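Single-structure report; data block below.
Protein chains: 2
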Amino acid sequence: MSIKHGLLALLDQGPRYGYQLRSEFESRTGSTWPLNVGQVYTTLGRLDRDGLVAPDGEDDEGHVFYRITEPGRAELRAWFDAPVSRTNPPRDELAIKLAMAVAVPGIDIGTVVQGQRAHTLRALQDYTRLKTRAAEDDMAWQLVLESLIFHAEAEVRWLDHCETRLARRAAERAPAPAVEQPVPPRRRGARR
Amino acid sequence: MSIKHGLLALLDQGPRYGYQLRSEFESRTGSTWPLNVGQVYTTLGRLDRDGLVAPDGEDDEGHVFYRITEPGRAELRAWFDAPVSRTNPPRDELAIKLAMAVAVPGIDIGTVVQGQRAHTLRALQDYTRLKTRAAEDDMAWQLVLESLIFHAEAEVRWLDHCETRLARRAAERAPAPAVEQPVPPRRRGARR
DNA sequence: AGTATATGTATACCCGGTATACTCATCACG
DNA sequence: CGTGATGAGTATACCGGGTATACATATACT
């Protein structure tokens, strides 16, 4: 939903055309999340279909403009008013990977953690380097960068935390390794 | 890609059928990311199409089993070996929202930040409550929960950081404000 | 002149997320 | 005993986001 509302926020500042929306979206988020142009046009189509934006004619250069409608403004307002739900957080591939790794025999979780840690640390360094270069007046880009930094730092801390946990488990298991078999759900008949 | 590989990881431990895969996937991630059954079947179809799994017959109760293939094992191994890319991080709706909010006139960013902060704090409390209840031997679920906690904490810290940044900007923009809006006292922490 | 690059619109395709249809078995209840 | 709720189980429809690509024009470089 972030693209839809992001475009609405931009259109709230005046009519725009597709390519322009992409440029502005990316300059706001500092090219962190490169926005495929195709998504702009498909999203504009859906917004138009839902009555949140409306075509606003073409200029002499052939740019197809859109403007926000009143329902669109209401939708935008609602987006800003309601918090982003963190009760159903988006799937985190890394967390899933480790959750799977703890039970899959034959793979070394320590190596997985270390590889990820190094990778995330590199990303973190890239972010901090970008931050020193960021224009001082570009508040949006700075905030986005700092969000990325905070989350990357949290990830590194979590990875370290995983390592100590896993080490503790390994120590407990070493004396008397116990492997639990996965129990499939109760089987009841399923034949049609 | 996490579903695809998650299913491969489960199938690596022996043939399974669709419904069973959903149950095990959810028990691993502790029901954080409820997995719609439909996705299991469509994903299994794609995995079959790509030769990473193969049908493994039905049992007497009509369960349609799948098993992992050699290419499937290679794919799984590659997934574990390569770190999750944090150079192209997934779109963060909250970061986008604030990046847009700083430029949209007529909306109070402070309110947005406060609303989100309260919401994220509530989610954080839910997580810590769940953590006290988590079975001690359920390592996967614990790790996932701690990942969520670490990220929620990072989000709260980032929101506080945004507030101070925005306050500083406001001060620069309005050097001599007649009346300052009183800022309610910050409550920090609230951790386990 | 030809080629690369930027601007600009649009469509095809894949994957993830959600809802729903449909069947069969078990269990509770009046 | 019948009926209805619930759970197990498979499957499909639909939507939105992500990526690639087609296609056209203008500018710039060689």
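From first to last, the protein sequence lines stand for chains A and B. Using the numbering used here, the first residue of the first sequence is number 1, and each one after it goes up by one. Using the numbering used here, the first residue of the second sequence is number 1001, and each one after it goes up by one. Think of the CB as a built atom: it goes at the ideal place given N, C-alpha and C, for glycine as much as any other residue. Since we're looking at a predicted model, the values are computed, not measured.
Along the chain, where does the beta strand (DSSP E) that runs through residue 1054 of chain B open and close? Residue 1054 of chain B: member of the beta strand (DSSP E) spanning 1053-1058, first to last residue.
Coarse secondary structure for residue 102 of chain A, derived from DSSP in three states: Residue 102 of chain A: coil per DSSP, three-state reduction.
Residue nearest to residue 72 of chain A in terms of C-alpha spacing, selected from A:51, A:33, A:117 and A:171: Among A:51, A:33, A:117 and A:171, the Cα nearest to that of residue 72 of chain A belongs to A:51.
For residue 1014 of chain B, collect the residues of the same chain with a Cβ closer than 7 Å to its Cβ; drop the 5 residues on either side in sequence, then sort them by chain order. Excluding sequence neighbours, residue 1014 of chain B sits near nothing in its chain.
Where residue 1066 of chain B and residue 29 of chain A are concerned, what is the direct C-alpha to C-alpha distance, given to the nearest angstrom? Rounded to the nearest angstrom, the two C-alpha atoms are 43 Å apart.
Where does residue 40 of chain A fall in DSSP's three states? Reduced to three states, the DSSP call for residue 40 of chain A is helix.
Return the residue from the list B:1007, B:1068, B:1054 and B:1057 that minimises the CA-CA distance to residue 1040 of chain B. Ranking the options by Cα distance to residue 1040 of chain B, first place goes to B:1007.
Grab the span of the alpha helix (DSSP H) containing residue 193 of chain A for me, first residue to last. Missing from the structure shown is residue 193 of chain A; chain A here goes from 1 to 192 and no further.
Three-state class that DSSP yields for residue 107 of chain A in the structure shown: Residue 107 of chain A sits in coil when the DSSP states are folded into three classes, being neither helix nor strand.
Hey, is residue 1086 of chain B's beta-carbon within less than 8 Å of any beta-carbon in chain A? The beta carbon of residue 1086 of chain B falls within 8 Å of a beta carbon belonging to chain A, placing the residue at that interface.
Going along the stretch 1150-1164 of chain B in order, which residues come within less than 8 Å of chain A, judged by CB to CB distance? Contact residues of the stretch 1150-1164 of chain B toward chain A are 1150, 1151, 1152, 1153, 1154, 1155, 1157, 1158, 1161 and 1162 (C-beta to C-beta distance below 8 Å).
Residues of the stretch 8-20 of chain A in Cβ contact with chain B at a cutoff of 8 Å, in chain order, please. From the stretch 8-20 of chain A, only 9, 10, 12 and 13 have a Cβ closer than 8 Å to chain B.
The stretch 1069-1099 of chain B: which residues have C-beta closer than 9 Å to a C-beta of chain A, in chain order? The residues in question are 1076, 1077, 1079, 1080, 1081, 1082, 1083, 1084, 1085, 1086, 1087, 1088, 1089, 1090, 1091, 1092, 1093, 1094, 1095, 1096, 1097, 1098 and 1099.
Would residue 143 of chain A and residue 1089 of chain B qualify as a contact pair, given that the criterion is a beta-carbon distance under 8 Å? Result no, Cβ atoms of residue 143 of chain A and residue 1089 of chain B do not sit closer than 8 Å.
Apply the 10 Å Cβ neighbour rule to residue 1 of chain A and answer buried if 16 or more other Cβ atoms are within range, or exposed otherwise. By the Cβ neighbour-count rule, residue 1 of chain A is exposed, with fewer than 16 other Cβ atoms within 10 Å of its own.
Which residues, in order along the stretch 111-125 of chain A, keep a beta-carbon less than 9 Å from a beta-carbon of chain B? Under the 9 Å Cβ criterion, the stretch 111-125 of chain A contributes 111, 112, 115, 116, 117, 118, 119, 120, 122, 123 and 124.
Between B:1087, B:1020 and B:1045, which lies nearest to residue 127 of chain A when the distance is taken from Cα to Cα? Measuring C-alpha to C-alpha distances from residue 127 of chain A to each of B:1087, B:1020 and B:1045 identifies B:1087 as the nearest.
So what does DSSP say about residue 91 of chain A, is it helix, strand or coil? Looking at residue 91 of chain A - three-state DSSP - the assignment turns out to be coil, as it is neither helix nor strand.
Cross-chain neighbours of residue 6 of chain A in chain B, by beta carbon under 7 Å: Below the 7 Å Cβ cutoff, chain B contributes 1096 and 1100 as neighbours of residue 6 of chain A, in chain order.
Look at residue 150 of chain A and residue 1169 of chain B and say whether their C-beta atoms are less than 8 Å apart. Contact flag unset, no.
Quick check: the Cα distance between residue 1010 of chain B and residue 100 of chain A, rounded to an integer number of angstroms? Approximately 8 Å, taken between the alpha carbons.
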